[in-house]
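Below: the structure, in structure tokens.
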Amino acid sequence: GVQPEVGAQERYTIDWGVLLDQGVKNLRDAPAGALGPAFAIAVAGLAFGWFGDGLARIFNPRLTVRRKAGDS
Numbered sequence: 405g406v407q408p409e410v411g412a413q414e415r416y417t418i419d420w421g422v423l424l425d426q427g428v429k430n431l432r433d434a435p436a437g438a439l440g441p442a443f444a445i446a447v448a449g450l451a452f453g454w455f456g457d458g459l460a461r462i463f464n465p466r467l468t469v470r471r472k473a474g475d476s
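In structure tokens:
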């Protein structure tokens, strides 16, 4: 097998999917455990969506609705 280098350690990374899965598995005992990761995923999704919409409006002038004077 392949031997790790001397002093090499497994890097600790945070995976939102794993955190959410663990929270859902423990939902009955600790329901708040799933709320944090679920909220973070929802906020990140909304933020990326709004960011993409903003870029689309900046770089695609046809998406901007222009109103005539007197329109409400």
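Residue 432 in our numbering sits at position 28 of the sequence shown; the count goes up by one each step and never skips. Note that beta-carbon positions come from the ideal geometry of N, C-alpha and C, so glycine has one too.
- Between Trp420 and Pro435, the gap from beta carbon to beta carbon reaches 8 Å or more.
- Spatial neighbours of Gly437 in its own chain (CB-CB distance under 8 Å, excluding positions within 5 residues in sequence) are listed in chain order as Gln426, Gly427, Asn430, Leu431.
- In the structure shown, the three-state DSSP call for Asp457 is helix.
- Between the beta-carbon of Ile445 and that of Leu467 there is about 27 Å, and that puts the pair past the 8 Å contact cut.
- Rounded to whole angstroms, the gap between the alpha carbons of Arg470 and Leu459 is 18 Å.
- In the DSSP assignment, Asp425 falls within the alpha helix (DSSP H) that extends over 420 to 429.
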